[in-house]
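Counting in the UniProt record's numbering, the sequence shown runs from 1 upward without gaps.
C-beta atoms are modelled at their ideal positions from N, C-alpha and C, and glycine is treated no differently.
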Amino acid sequence: DITLLCGSMLRSSLRHPAIYQWMLSDAWCIQLVYPFLDDYVDNPNFDVSSDALETVRQQMTSEEQYKQTMEGIASEFLNRKYTEVIDERINKKCLSSEANYMTRRMSLQLLSTILLNRVNYNVMMRYISSSQNLVTILCLLRDPSPHITLDAFQVFKIFVANPAKPPEVVKILFDNKVKLVKYLEGLHKEREKSDEQYRDEKALVIATLEGLEEVNPRS
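The structure is reproduced here in structure tokens:
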């Protein structure tokens, strides 16, 4: 109960721009941000893990009513601490096979929220330019949980939609496009009847994959 109360108090303080900026500063993020990703989000206690993930979500994104004043602070933090937050914590810990189900699922949702926010364009381009990140998402796209595969698709589609894919990313997609297209055609097929956006996005992803050409070898 004390843990959840402290989490609620911390999130309440995030509504104040001055405190928010202070919390994401180099001096204080080590104490007030990283511990949530290092320890609390994968806590075996479901309530503690969920509460910690909600705190991380508010630290990395901005609440709608505070959007104009907060999202720039969050974006600057993510650009400045990309390696520490995205590479070392979200990718290697929160999305690893060792992380529990809820941690992986909510971390995928957080990641897609970050990448699809226009203010995080530089973060998005850095993320989807990494072949290792693509491999991570491809593994999650084949997860046994249908919820995780759906969340992984929301990130995977960004890799495919990128018009400036690095050669190493194109190679992975091209080498696996037959298997990927076949897999995607059956992915959440029942959802297509009720979710027009998902149906259209999946069709576009499949069409883009089918149109991929092999990377020319370097001379």
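Measuring CA to CA, which of Leu14, Thr3 and Ile90 is closest to Leu37?
-> Ile90
How would you call Asn79, buried or exposed, if buried means at least 16 neighbouring beta carbons within 10 angstroms?
-> exposed
Label residue 220 either buried or exposed according to how many other C-beta atoms from any shown protein chain fall within 10 Å of its C-beta, with 16 as the threshold for buried.
-> Outside the shown range of the chain (1 to 219) lies residue 220, about which nothing can therefore be said.
What number of angstroms, rounded off, separates the C-alpha of Lys179 from the C-alpha of Met106?
-> 27 Å
What are the boundary residues of the alpha helix (DSSP H) that Val178 is part of?
-> Lys177 to Gly186
Length of the line joining the Cα atoms of Lys182 and Leu111 | Using only the alpha carbons, I get a separation of about 26 Å.
Closest residue to Ser96 among Ser129, Leu141 and Glu190 (Cα-Cα distance) = Leu141
Simplified DSSP assignment, three categories, for His16 = Looking at His16 - three-state DSSP - the assignment turns out to be coil, as it is neither helix nor strand.
Using the beta-carbon count (16 or more within 10 Å), is Cys6 buried or exposed?
-> exposed
Thinking just about the alpha-carbon of each residue, which of Thr103, Ser50, Gly72 and Phe156 is nearest to the one in Asn122?
-> Gly72
Terminal residues of the alpha helix (DSSP H) in which Lys157 lies | Pro146 to Ala161
Beta-carbon separation (whole angstroms), Pro17 vs Met60, contact threshold 8 Å = About 16 Å separates the two Cβ atoms, so there is no contact after all.
For Arg191, which residues from the same chain have a beta carbon less than 6 Å from its beta carbon, with the 5 sequence-adjacent residues on both sides left out?
-> Answer for Arg191: Tyr198, listed in chain order.
Check whether the Cβ atoms of Lys157 and Ser129 sit closer than 9 Å, and answer yes or no.
-> no
What do you get for Asn117, buried or exposed, if any count of 16 or more other CB atoms within 10 angstroms of its CB means buried?
-> buried
Straight-line CA distance for Tyr20 to Gly211?
-> 45 Å
Local conformation of Gly7 per DSSP, three classes | helix
CA-to-CA distance, Ala27 to Leu173, given in whole angstroms = Distance between the alpha carbons of Leu173 and Ala27: 40 Å.
Is it the case that the Cβ atoms of Leu150 and Leu184 are separated by a distance below 9 Å?
-> no
Leaving out five residues before and five after Lys171 in sequence, what residues of the same chain have Cβ atoms less than 7 Å from its Cβ?
-> Val215
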